[in-house]
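In UniProt numbering, the protein residues as written are 1 to 265. Ideal placement from N, C-alpha and C gives every residue a C-beta, glycine not left out.
Here is the structure:
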């Protein structure tokens, strides 16, 4: 009996010796968090904001900024950098006043989920479904992309072979299920991000679904191919002529018009 107890104690001592210390745990901002953003020397800019479904927050003077998946210190440093051209030696203090999640992350990448009435629970997974991102629409290789945190929308598009020349990057749609298992969608304009002129890119979550739609011109071309050119092949490299009568006061003028069809590859 004593030997069995000693064996159990030794086993658990070994496991708990590897647990992270309190100062090694970090809370990462998530969607739905209530944040307090304070400026000790410019208190008129103090604000309380909620992290939106697209992972961004609204702030005075700089409009919006992406914060999902970042630590409090990281966000504060980024905001100080953004406010530097606008304020003299800005100091920003960020705090989570009402977290949407109780999970924290450790340096070795583990995620801890404290439960009510218990100190801390560490779960060891034996089998896990690899996280994926599903991408449809105008990318080189639509389908499944392996997810690894942190991954942004543009990174996922690049992993899927990049966007095609028909892609409407101003209206990229991200479908996601929230905590209540309700489906939500986010529309992002990533066109300027491709040229490094904006920060609309956002972090993805496992099993997000991305849809990259076609431009209106590409849609028109498809319609022409499907409903006109394929039905009347002769029109592909031809033209249609027609005429109509244009009234000019008491006179009438015969007008002839023609419409050409542009050949497609």
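Task: Residues that residue 152 bridges to, as DSSP identifies them - done: 203
Open item on the list: With three or more C-beta pairs closer than 8 Å as the rule, is the segment 77-94 touching the segment 193-211?
Closed with: no
TODO: Return helix, strand or coil for residue 43, following the three-state DSSP convention.
DONE: helix
Open item on the list: Less than 8 Å between C-beta atoms, sequence neighbours within five positions excluded: which residues of the same chain meet that for residue 91?
Closed with: 39, 40, 41 and 80
Open item on the list: Less than 8 Å between C-beta atoms, sequence neighbours within five positions excluded: which residues of the same chain meet that for residue 137?
Closed with: 167, 210, 211, 212, 213 and 214
Task: Delimiting residues of the alpha helix (DSSP H) encompassing residue 77 - done: 72-83
Task: Element boundaries [beta strand (DSSP E), containing residue 95] - done: 93-98
TODO: For residue 182, count neighbouring C-beta atoms within 10 Å of its own C-beta (all shown protein chains included) and say buried if the count is 16 or more, exposed if not.
DONE: exposed
TODO: Identify the continuous beta strand (DSSP E) that holds residue 184 and give its terminal residues.
DONE: 183-188
TODO: Output yes or no for whether 8 Å exceeds the beta carbon distance between residue 204 and residue 169.
DONE: no
Task: As assigned by DSSP and simplified to three states, the class of residue 31 - done: coil
Open item on the list: Quick check on this structure: which residue in 162, 87, 185 and 175 has the alpha carbon closest to the alpha carbon of residue 191?
Closed with: 162
Open item on the list: If the criterion is Cβ atoms closer than 8 Å, does the pair residue 53 and residue 147 meet it?
Closed with: no
Task: Closest residue to residue 173 among 164, 165 and 185 (Cα-Cα distance) - done: 185
TODO: Figure out for me which residue from 86, 31 and 158 has the closest Cα to the Cα of residue 142.
DONE: 158
Open item on the list: I'd like to check one pair, residue 152 with residue 201: are the Cβ atoms closer than 8 Å?
Closed with: yes
Open item on the list: If you reduce the DSSP assignment to three classes, tell me which class residue 166 lands in.
Closed with: coil
- [ ] Provide the residue(s) that pair with residue 36 in DSSP beta bridges, ordered along the chain.
- [x] 48 and 95
Open item on the list: Contact criterion: CB-CB distance below 8 Å. Does residue 38 meet it with respect to chain C?
Closed with: No chain C appears in the structure shown, which is made up of a single protein chain.
Open item on the list: Going by DSSP, what residue range makes up the beta strand (DSSP E) through residue 146?
Closed with: 143-146
Task: Expected contact under 8 Å - CB spacing of residue 61 and residue 37 to nearest Å - done: About 12 Å; that fails the 8 Å criterion.
Open item on the list: Taking the beta carbon of residue 35 as the centre, do at least 16 other beta carbons fall within 10 Å, making it buried, or is it exposed?
Closed with: buried
Task: Residues of its chain near residue 50, where Cβ-Cβ distance is below 8 Å and the 5 sequence neighbours each way are ignored - done: 32, 33, 34, 35 and 57
Task: Beta-bridge pairing of residue 136 - partner residues as DSSP gives them - done: 211
TODO: Would you kindly check if the distance between the Cβ of residue 160 and the Cβ of residue 139 is under 8 Å?
DONE: yes
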